[in-house]
Amino acid sequence: MQEASPYAGEAATTVEALLRETFAGIDALRELAVGVHRDARARGRAPTTADLAAIRPTVLRQLASADMLAGTGVIAAPGTLADRPRWLEWWRRSPSGGGPRPLAVDLDPGNIGSYEYPVAPWFDVPCRTGRRVVVGPYVDYAGTDEYILTFAAPVTSDAGFFGVAAADIRATDIERAMLPMLNAEGPASLLVNASGRVIASNTPATIVGSIVRRDHGERRELTHRENWADCTGLPWFLVRSTA
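Structure follows, in structure tokens:
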């Protein structure tokens, strides 16, 4: 077995910074959405899509300033808006260049191809538990058709549950950021989530999205449990082949 690499500490620092920065942006959107919810209720009515659009300048500013963000915004819980039964105030970066654009999906639950976001883990977990969540990598068929990680947090005020604030990051961007540290660890090093699904890899033998067994090499936790006790989907691990 190889000796522990000093780059493991750098990998942990990189992962912790990614989580902190991503959730800081999400928390800013969450606070704005809570304000929208409270203000409308204080006026004796349900909020509307126009009310929720007040968060849009912050969404667009975050997309412009955070290179790793593929998309971000607030997803309303079904039945909470007055003018639409379901709604996503969600904007995403175009991989081919150009400015941000809204996510266009079918939100009519009566249609076969409807985007059933209420059952998605990134929405369902915060709704049921009140906890933050990191989901993925998974293939984002409704948006980018790429491997994505979604970070989400519940939007809840004294008026009740309003939805979730969330952000998407492409797995390829996380892999690019982690690759120098994975290479320093060894020729078959991986970043995996709590379920053993590969987030980043430096070997073509084990690609992003695949599952590795628990006995696949040496496994070191990269996120401190006490810091992320309210976040489902963590910890993440650095896995280094000991073959």
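Terminal number for the sequence shown in the numbering used here: 245, no gaps in between. Ideal Cβ placement from N, Cα and C applies to all residues, glycine included. Remember, it's a predicted structure, so these values are computed and weren't measured experimentally.
A distance below 7 Å separates the beta carbons of D170 and G73.
Under the DSSP assignment, E187 falls in the alpha helix (DSSP H) whose first and last residues are A173 to E187. Close CB contacts of V36 within its chain, under the 8 Å cut and outside five residues either way in sequence, are with V157, T158, S159 and F164 (chain order).
When A154, D110, R94 and R199 are compared, the shortest CA-CA separation from I213 is found for R199.
Around the beta-carbon of A13, 16 or more other beta-carbon atoms lie within 10 Å, marking it buried.
Taken through DSSP and simplified to helix, strand or coil, G11 comes out as helix.
Straight through space, the alpha carbons of A173 and D142 are spaced by roughly 11 Å. The Cβ neighbour count for G27, taken over all protein chains shown within 10 Å, is at least 16; the residue is labelled buried. The straight-line gap separating the alpha-carbon atoms of A207 and D175 is approximately 19 Å. The three-state secondary structure of P120, taken from DSSP, is helix. For N204 and G138, the gap between their C-alpha atoms comes out near 18 Å. Secondary structure at P128: helix, using DSSP grouped into helix, strand and coil. Of A161, A106, L236 and E177, the smallest CA-CA separation from S197 is found for L236. The beta-carbon distance between A154 and F125, rounded to whole angstroms, is 7 Å. This is short enough to meet the 8 Å contact definition.
Shortest Cα-Cα distance from A167 to any of L20, R58, G81 and P111 involves R58. Judged by DSSP in its simplified three-state form, R47 adopts coil rather than helix or strand. Checking the DSSP bridge columns, you'll see P156 partnered with V166. In the three-state scheme derived from DSSP, where H, G and I count as helix and E and B as strand, A202 is classed as strand.
If you ignore the 5 residues before and after R133, its C-beta comes within less than 7 Å of the C-beta of V127, D232, C233 and T234, all in its own chain and listed in chain order. Note on H39: 16 or more other CB atoms within 10 angstroms of its CB, so buried under the neighbour-count rule.
For the set E223, M180 and S243, the Cα lying nearest the Cα of G188 is the one of S243. Under DSSP, A78 takes part in a beta bridge, and its partners are W89 and G165.
The Cβ neighbour count for I114, taken over all protein chains shown within 10 Å, is under 16; the residue is labelled exposed. For the pair R221 and F239, the CB atoms are nearer than the 7 Å cut-off.
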